[in-house]
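First the structure, in the form of structure tokens, and then the observations on it.
Residue numbers (the numbering used here), protein chains in the order written: chain A, 243 to 512; chain B, 9 to 590.
Below, the structure written as structure tokens:
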């Protein structure tokens with residue numbers, strides 16, 4: 243039996259009285275391209291922060307590549323890459339300086355760091371911006387740099403929080419092919435995105451979180467077949483991911499119809 | 009792209025990362041940030057060259073003044089230690105070390121730190137890298153260690169060791185050893201206090217209580233000071249301090265200053281000296297351990313902000329169209345009968361909502377009033393009635409005038425809305441200035457009432473009128489310059505937060521210096537006018553001098569308002585750069 247790349251058990255995070263993530267059991271096998279979906283404020287970023295050791299869970303356990311995250315955080319962090327929410331870049335460095343710093347922090351030797359920095363800057367088309375400070379980069383450029391930093395050490399598991407947000411179409415295409423090549427080489431990718439077309443095209447497995455609770459988990463085919471976490475979603479056999487998502491999230495809303503804009507509202511809009 | 013290797017699905021057994029690699033990487037990071045902060049910006053226009061020259065000049069002046077401030081405690085410590093040994097009262101070394109520690113911690117708690125000035129680097133962000141806790145602890149111990157309090161504290165301890173060594177060369181080595189450990193103890197004590205304060209200050213309620221306690225503490229010290237020593241000699245103060253130290257002597261024996269002093273003085277009794285040194289080391293270890301407890305929580309992903317916990321799920325009521333309300337809403341913006349235009353009113357309301365939720369800022373407004381009460385009750389101060397009222401009003405205004413110099417700072421990205429919405433920027437500036445003026449008016453009126461009620465002898469009507477005119481001049485000139493600075497050099501800030509994201513920038517320091525320059529310049533103006541008034545025995549002369557000045561300053565402000573649209577249009581790029589990119 244292969245060891246799951248990501249395995250969370252009853253993962254819960256509370257902020258005071260508010261439960262952001264509630265009893266989430268995730269299992270992502272090695273080599274999967276996993277899409278983690280949910281409406282705004284559902285708990286996606288909080289879950290990613292916990293899975294990458296940036297936020298302590300209130301309760302529950304996390305195992306990455308078979309090891310307990312709490313007990314072996316340094317070893318695990320060497321083999322994961324993260325593009326966190328907000329990207330966490332050092333704005334007063336240049337892209338070249340930043341990648342060199344990240345490479346050294348991950349234990350790469352100087353020569354390897356310099357080589358990979360050069361390759362990544364070229365690949366991300368950031369090599370023309372050698373003297374520019376990161377703080378002066380556009381949002382899309384910062385995203386590309388954050389992704390470069392997340393992969394410089396060749397991680398086995400990659401966590402991406404909205405990686406394509408603000409990235410132009412050409413760069414997005416390049417990034418997608420890079421991620422697919424990583425998957426082909428055995429890496430695991432855990433991705434959140436609001437662009438469901440991208441998730442549908444890239445991911446083989448999906449989980450949907452809503453109001454902190456996991457409401458669906460499985461392969462895309464299984465979800466299409468109408469098998470959701472804890473119940474059947476009717477009429478989902480030939481649906482797109484967007485339709486499945488809207489049906490699941492709409493069903494999960496207590497006492498409210500599916501997510502559709504009420505026609506009587508905003509009637510003053512031309 | 010690097011090839012991924014290793015057994016299927018499991019964790020690879022990789023060679024450990026040498027500690028030196030990661031520690032040197034962080035040192036290199038700090039060095040690059042320092043270089044980029046210092047040498048990156050190349051001035052492009054004449055205005056920027058002048059601004060840079062002014063900022064450099066300002067730094068030279070400020071650092072020279074700080075240098076002079078440093079010399080005092082350092083030379084004083086060396087001299088005190090030398091006399092303590094040569095004049096035969098070595099036990100006073102404990103008092104010296106206690107004084108150094110108290111000053112060190114007081115300055116640190118008040119957040120005067122070079123590290124605050126370094127932008128874009130939060131040491132806590134290092135937890136995402138594969139660091140072991142031990143390395144994180146070392147990094148957090150070293151990062152930001154070069155604060156003024158640490159530099160001055162270490163230099164003072166070194167001077168004390170030199171003073172002791174000069175007085176008795178046989179004590180030189182024990183003194184150096186003890187002072188080195190004592191410095192380390194102080195560094196960890198500072199770190200421990202800082203880390204726990206950060207934890208507690210993350211709670212808004214605690215923040216407000218803490219601000220209140222600090223304000224009351226400062227006021228009560230001042231109150232006791234003035235009540236006890238008003239008109240008496242400096243000797244009385246020294247007697248009180250010495251008697252306080254004497255009465256607490258038995259307790260001090262169990263504290264680090266005494267351990268350090270005794271380890272030097274008992275150098276001829278190696279066992280006793282070593283025991284004292286061990287006690288000093290143990291107390292250093294305790295502070296480091298308490299600091300480490302806090303860091304460990306942070307290392308494992310502690311979340312301090314209250315932002316998410318305050319969220320309460322809101323049940324949305326079904327929306328129903330009410331024709332009458334819709335009609336009213338459509339006509340509201342043009343409704344007559346209001347004092348201000350709808351833009352001014354809505355901007356004032358927004359600023360009031362933000363101000364209302366900033367308890368710390370409101371408490372900050374109370375502090376000067378407490379001091380005004382204390383000063384007014386002190387006859388030695390309030391008796392010079394010609395100058396007391398303007399001085400007290402200037403003191404009251406000192407804290408609030410700064411807000412006029414960065415009126416868009418708290419809006420951050422929201423400032424874009426002003427540029428996008430179909431409104432006149434003049435209305436926005438007027439709204440912001442009116443909110444500030446309302447605060448200033450309340451503060452000044454309360455201070456004025458306190459002074460008139462408590463000051464003896466009573467303040468003459470002529471003095472009150474001239475001070476009122478002088479206040480109008482002072483506020484109007486600050487409004488004019490402040491509005492110009494708000495447009496030319498806005499700086500993003502978070503209301504009520506102790507550590508501002510861009511606190512140490514030259515722009516902020518320039519604005520602060522301008523506030524002080526205008527305030528002190530205006531105060532200096534009072535002196536020749538007051539002297540002329542006395543010389544000619546004409547109590548209304550100041551009023552005649554300040555009236556035209558007040559009118560001119562108000563006209564200057566109005567002129568500034570007329571040009572606001574043009575100025576903001578010319579500085580749109582600054583808005584985008586400084587406020588929207590946060």
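Every residue, glycine too, gets a C-beta built ideally from N, C-alpha and C.
Member of B/357, B/492, B/531, B/399 whose CA lies at the smallest distance from the CA of residue 569 of chain B: Here residue 569 of chain B refers to the residue found at position 561 when the second chain is read from its first residue. Cα-wise, what sits closest to residue 569 of chain B is B/492.
Cβ-based burial, residue 328 of chain B [other Cβ within 10 Å; buried from 16]: For this step, residue 328 of chain B is matched to residue 320 along the second chain. Caution is warranted here: a pLDDT of 41 is assigned to residue 328 of chain B, below 50, making its placement in the model unreliable, and no coordinate value can be reported.
For the 8 Å Cβ check, are there 3 or more pairs between the stretch 397-407 of chain B and the stretch 450-469 of chain B? Using a Cβ-Cβ distance cut-off of 8 Å, the stretch 397-407 of chain B and the stretch 450-469 of chain B are in contact, since at least three pairs of beta carbons, one from each stretch, lie closer than that value.
Chain B within 8 Å of residue 470 of chain A, Cβ atoms only: The residue labelled residue 470 of chain A in the question sits at position 228 within the first chain. At residue 470 of chain A, the pLDDT of 48 sits below 50, so the modelled position is not reliable; the number obtained from the coordinates is stated separately. Closer than 8 Å: no.
Beta-ladder partner(s) of residue 251 of chain A, from DSSP: Counting from one through the first chain, the residue named residue 251 of chain A turns up at place 9. Per the DSSP secondary-structure output, residue 251 of chain A pairs in a beta bridge with A/303.
Can you tell me which of B/136, B/96, B/370, B/47 puts its alpha carbon nearest to the alpha carbon of residue 317 of chain A? Start at 1 with the first residue of the first chain, and residue 317 of chain A comes out as number 75. Closest by alpha carbon: B/136.
Candidates B/448, B/420, B/86, B/454: closest to residue 585 of chain B by CA position: The sequence position of residue 585 of chain B within the second chain is 577, counting from 1. It is B/420.
Is the Cβ-Cβ distance between residue 591 of chain B and residue 187 of chain B less than 8 Å? The displayed coordinates of chain B run from 9 to 590. Any statement about residue 591 of chain B would go beyond what the structure contains.
Length-filtered (3 minimum) beta strand (DSSP E) runs lying within the stretch 351-402 of chain B: none
Out of A/274, A/323, A/401, which one is the CA nearest neighbour of residue 460 of chain A? The residue labelled residue 460 of chain A in the question sits at position 218 within the first chain. Minimum Cα distance to residue 460 of chain A is reached at A/274.
N- and C-terminal bounds of the beta strand (DSSP E) containing residue 267 of chain A: The residue you call residue 267 of chain A lines up with position 25 of the first chain. For residue 267 of chain A, the uninterrupted beta strand (DSSP E) segment begins and ends at 260-270.
Tell me residue 108 of chain B's beta-bridge partners as DSSP assigns them. Your numbering for residue 108 of chain B matches position 100 in the second chain. Answer is none; residue 108 of chain B lacks a bridge partner.
Report yes if the C-beta distance between residue 104 of chain B and residue 89 of chain B is below 8 Å; otherwise report no. Counting from one through the second chain, the residue named residue 104 of chain B turns up at place 96. Counting from one through the second chain, the residue named residue 89 of chain B turns up at place 81. Yes, the Cβ-Cβ distance between residue 104 of chain B and residue 89 of chain B is below 8 Å.
Is residue 509 of chain A helix, strand or coil by DSSP? On the first chain, position 267 is the one that residue 509 of chain A refers to. Annotated three-state conformation of residue 509 of chain A is coil, per DSSP.
Can at least three beta-carbon pairs, one atom from the stretch 412-429 of chain A and one from the stretch 251-264 of chain A, be found at a separation below 8 Å? no
Is the stretch 279-295 of chain A touching the stretch 340-349 of chain A, taking contact as three or more C-beta pairs under 8 Å? no
Could you round the C-beta distance between residue 403 of chain A and residue 325 of chain A to whole angstroms and report it? I think they count as a contact, below 8 Å. Stepping through the first chain from its first residue, residue 403 of chain A is reached at position 161. Stepping through the first chain from its first residue, residue 325 of chain A is reached at position 83. Rounded to the nearest angstrom, the Cβ distance from residue 403 of chain A to residue 325 of chain A is 6 Å, consistent with a contact under 8 Å.
Would you check if there are 3 or more beta carbon pairs closer than 8 Å linking the stretch 297-304 of chain A to the stretch 334-343 of chain A? no
Bridge-paired residues (DSSP) for residue 455 of chain A: Mapped onto the first chain, residue 455 of chain A falls at position 213. In the DSSP output, where bridge partners are listed per residue, residue 455 of chain A has A/452.
Residue 309 of chain A bridges to which residues according to DSSP? For the purposes of this step, residue 309 of chain A is taken as residue 67 along the first chain, with counting starting at 1. As computed with DSSP, residue 309 of chain A is found in a beta bridge with A/306.
Identify the continuous beta strand (DSSP E) that holds residue 46 of chain B and give its terminal residues. What you label residue 46 of chain B is simply residue 38 of the second chain in a count that begins at 1. Taken as a continuous stretch (DSSP letters only), residue 46 of chain B belongs to no beta strand (DSSP E), being part of the alpha helix (DSSP H) at 27-47.
If you check the beta carbons only, do residue 411 of chain B and residue 452 of chain B fall under 8 Å apart? Position 403 of the second chain, counted from the first residue, corresponds to residue 411 of chain B. Position 444 of the second chain, counted from the first residue, corresponds to residue 452 of chain B. Not closer than 8 Å, so no.
Whole angstroms is fine: what's the gap from residue 133 of chain B's alpha carbon to residue 522 of chain B's? If you number the second chain from 1, residue 133 of chain B lands on position 125. If you number the second chain from 1, residue 522 of chain B lands on position 514. Each residue's alpha carbon lies about 35 Å from the other.
Identify whether residue 62 of chain B lies in helix, strand or coil by the three-state DSSP scheme. In the second chain, residue 62 of chain B corresponds to position 54, counting from 1. If DSSP states are grouped into helix, strand and coil, residue 62 of chain B belongs with the helices.
Identify whether residue 299 of chain B lies in helix, strand or coil by the three-state DSSP scheme. On the second chain, position 291 is the one that residue 299 of chain B refers to. Three-state result, residue 299 of chain B: helix.
Chain-order list of residues whose beta-carbon lies under 7 Å from that of residue 300 of chain B (same chain, five-residue window excluded): Numbered from 1 along the second chain, position 292 holds the residue referred to as residue 300 of chain B. Answer for residue 300 of chain B: 145, listed in chain order.
Which of helix, strand or coil does DSSP assign to residue 410 of chain A? Position 168 of the first chain, counted from the first residue, corresponds to residue 410 of chain A. If DSSP states are grouped into helix, strand and coil, residue 410 of chain A belongs with coil.
From residue 387 of chain B to residue 379 of chain B, what does the alpha carbon distance come to, in whole angstroms? Mapped onto the second chain, residue 387 of chain B falls at position 379. Mapped onto the second chain, residue 379 of chain B falls at position 371. Those two C-alpha atoms are separated by around 14 Å.
Which first and last residues belong to the alpha helix (DSSP H) in which residue 487 of chain B is found? Along the second chain, one-based indexing puts residue 487 of chain B at 479. Element bounds for residue 487 of chain B: 469-496.
If distances are taken between C-alpha atoms only, which option among B/413, B/554, B/296, B/423 comes closest to residue 441 of chain B? Counting from 1 along the second chain, the entry for residue 441 of chain B is found at position 433. For residue 441 of chain B, the closest C-alpha among the options B/413, B/554, B/296, B/423 is that of B/413.
Tell me whether the beta-carbon of residue 131 of chain B lies closer than 8 Å to the beta-carbon of residue 148 of chain B. To locate residue 131 of chain B, count along the second chain from 1; it is residue 123. To locate residue 148 of chain B, count along the second chain from 1; it is residue 140. For residue 131 of chain B and residue 148 of chain B, yes; Cβs fall inside 8 Å.
Would you please state the rounded distance, in angstroms, between the beta carbons of residue 462 of chain A and residue 448 of chain A? I believe it to be under 8 Å. The residue labelled residue 462 of chain A in the question sits at position 220 within the first chain. The residue labelled residue 448 of chain A in the question sits at position 206 within the first chain. Between residue 448 of chain A and residue 462 of chain A the Cβ distance is about 6 Å, and since that is below 8 Å, they are a contact.
Coarse secondary structure for residue 430 of chain A, derived from DSSP in three states: Looking up residue 430 of chain A in the first chain gives position 188. Three-state DSSP puts residue 430 of chain A in a strand.
Tell me whether residue 338 of chain B sits in a helix, a strand or coil according to DSSP, three-state version. By 1-based counting over the second chain, the position of residue 338 of chain B is 330. Bear in mind that the predicted position of residue 338 of chain B carries a pLDDT of just 44, short of 50, making it unreliable; the figure below should be weighed with that in mind. Note: residue 338 of chain B maps to helix in three-state DSSP.
Look at the alpha carbon of residue 98 of chain B and the alpha carbon of residue 197 of chain B, and state the distance between them as a whole number of angstroms. By one-based count along the second chain, residue 98 of chain B stands at place 90. By one-based count along the second chain, residue 197 of chain B stands at place 189. Their Cα atoms are separated by approximately 25 Å.
For a quick check, are the C-beta atoms of residue 398 of chain A and residue 321 of chain A less than 8 Å apart? Position 156 of the first chain, counted from the start, is the residue given in the question as residue 398 of chain A. Position 79 of the first chain, counted from the start, is the residue given in the question as residue 321 of chain A. Cβ atoms of residue 398 of chain A and residue 321 of chain A: closer than 8 Å.
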